[in-house]
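A.B. asks:
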Amino acid sequence: MEDLKAYIESGVLELYVLGSLSESERREVELMLDKHPELRTELTEIENALESYADENAVNAPDTLRSATLGKLEITEEKKVQVIPIRGRNNQFYKYAFAASVALLLLSLVALTNLYSQLKDSHNEIVILQQSNQKYVAHTNFVEGQLRDAKQSLDVFHSPEQYKVVSLKGTPNAPTASMMVAFSSQKSEVMIDVASLKMPANDQEHQYQLWALVDGKPVDLGVFDAKADSAGMIKMKSLKNAQAFAVTLEPKGGSINPTMEQMMVMGTI
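Counting in my numbering, the sequence shown runs from 797 upward without gaps.
1. Between Met-976 and Val-961, which are expected to be in contact by the criterion C-beta below 8 Å, what is the C-beta distance as a whole number of angstroms?
2. Under 8 Å by Cβ, that's how I've got Val-813 and Glu-843 pegged, so tell me the actual separation to the nearest angstrom.
3. Suppose you measure from the CA of Asn-929 to the CA of Ser-918; what does that come to, to the nearest Å?
4. Find the nearest neighbour of Tyr-959 within the set Asn-969, Met-987, Ile-924, judged by alpha-carbon distance.
5. Whole angstroms is fine: what's the gap from Gln-1000's alpha carbon to Thr-1044's?
6. Taking the beta carbon of Glu-1046 as the centre, do at least 16 other beta carbons fall within 10 Å, making it buried, or is it exposed?
7. If Val-1061 sits next to Leu-1035, beta carbons under 8 Å apart, how far is it from one beta carbon to the other, in whole angstroms?
8. Leaving out five residues before and five after Asn-998 in sequence, what residues of the same chain have Cβ atoms less than 8 Å from its Cβ?
9. Which residues mark the beginning and the end of the alpha helix (DSSP H) in which Glu-826 is found?
10. Any idea which residues DSSP pairs Lys-801 with across the strands?
11. With Leu-1009 as the anchor, note down where its beta strand (DSSP E) starts and where it stops.
12. Please identify the residue among Glu-838, Arg-836, Gln-1058 whose C-alpha is closest to the C-alpha of Asn-969.
13. Using 10 angstroms around the beta-carbon of Val-898, count the other beta-carbons present and answer buried if the total reaches 16, otherwise exposed.
14. If you count every other CB in all the chains shown that lies within 10 Å of the CB of Ala-934, and 16 or more means buried, which is it?
15. Less than 8 Å between the CB atoms is what I'm expecting for Ile-1065 and Ala-1040, so what's the real figure, rounded?
16. How would you label Met-1056, buried or exposed, when you count the other beta carbons within 10 angstroms and need 16 or more for buried?
17. Determine the extent of the alpha helix (DSSP H) in which Glu-1046 is found, giving its start and end residues.
18. Can you give me the C-alpha to C-alpha distance between Gly-1028 and Leu-911, rounded to a whole angstrom?
19. For Lys-875, count neighbouring C-beta atoms within 10 Å of its own C-beta (all shown protein chains included) and say buried if the count is 16 or more, exposed if not.
20. Measure the C-alpha to C-alpha separation of Leu-900 and Lys-931 and round it to an integer number of angstroms.
21. What span of residues does the beta strand (DSSP E) with Leu-993 cover, start to end?
22. Taking the alpha carbon of Leu-1009 as the point to measure from, which residue in Gly-1063, Gln-914, Val-906 has its own alpha carbon closest?
23. Does the Cβ of Val-923 have 16 or more other Cβ atoms within 10 Å, making it buried, or fewer, making it exposed?
24. Helix, strand or coil for Gly-1035? Go by DSSP, reduced to three states.
25. Is it right to say Pro-833 is buried, meaning 16 or more other beta carbons lie within 10 angstroms of its own, or is it exposed?
26. Taking only the alpha-carbon atoms, compute the straight-line gap between Met-1032 and Ala-1038 and give it to the nearest angstrom.
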């Protein structure tokens, strides 16, 4: 029986049905069929299996090809052609193998879909984390800037031996205006305390300009804007000596000489 099983699994019966054996090999198979009737049953199953496969995978020839072929044939008489069906076996192994392949394909598709979804979720989480980190960095930089400005102001106001703090009061043009200027003749520094700045907000066409009175002559110390949310100190142009400070409203970029009619605040040292 083992030899007979090995003979069946060798595939020689399939080759016999397909007509792929030589004449001597065919005679050998037919002798085996006569000798072992159970091989007839196996042969029938093979023929049925091949027939089923042929029916499932049959492809109809195009109408143009069929017409051209029939046109070349001269049919002299009607003949009854008996089609001998190719029979094969219902091979359970192939069925199971095909079913397993389909199941593996479906599992692979499901796994790929889940992986894509996880990657997409991970990407979204990374984007959110990056945005949160950017906001945190921006907030940290802002706080550090505020602390740095506050420290600078404290250093100035707590160093009376180096800086003189001059209070500038409003003129009739801006009675409620005021500001503080820190002046160090040793360092030749002039700084505006933005936190103490109480000036009307300037428009885009104008800026405030700081002047120093030196030996009775106005000296330009630079321009600045009045912003409600500003803090810290603004360093202006260097100056060694001064007797007083004043601020005028000038066209954007400043003027060569102060516009006295637009003087906003003034204070002496």
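Even for Gly, the Cβ is constructed at its ideal location relative to N, Cα and C.
C.D. replies: Checking against the coordinates, here is how it stands:
1. About 6 Å separates the beta carbons of Met-976 and Val-961, which is inside the 8 Å limit, making them a contact pair.
2. 6 Å
3. 16 Å
4. Ranking the options by Cα distance to Tyr-959, first place goes to Met-987.
5. 15 Å
6. buried
7. Not quite, the Cβ-Cβ distance comes to about 17 Å (not below 8 Å), so this is no contact.
8. Closer than 8 Å at Cβ, skipping near neighbours: Tyr-1004, Asp-1021, Ala-1022, Leu-1045.
9. 819–831
10. According to DSSP, which records beta bridges pairwise, Lys-801 is partnered with nothing at all.
11. 1002–1010
12. Gln-1058
13. exposed
14. exposed
15. With 8 Å as the limit, Ile-1065 and Ala-1040 qualify as a contact, their Cβ atoms being about 6 Å apart.
16. exposed
17. No alpha helix (DSSP H) holds Glu-1046; the beta strand (DSSP E) holding it covers 1040–1047.
18. Between the alpha carbons of Gly-1028 and Leu-911 lies a distance of about 53 Å.
19. Its pLDDT being 46, under 50, Lys-875 is placed unreliably by the model, and the measurement read from it follows with that caveat. Lys-875 comes out exposed.
20. 46 Å
21. Where Leu-993 is concerned, the enclosing beta strand (DSSP E) stretches over 985–994.
22. Per the Cα distances, Gly-1063.
23. exposed
24. Note on identity: in this sequence residue 1035 is Leu, with Gly being the wrong assignment. In the displayed model, Leu-1035 falls within coil according to three-state DSSP, outside both helix and strand.
25. exposed
26. Annotation: Met-1032 to Ala-1038 spans about 14 Å, alpha carbon to alpha carbon.
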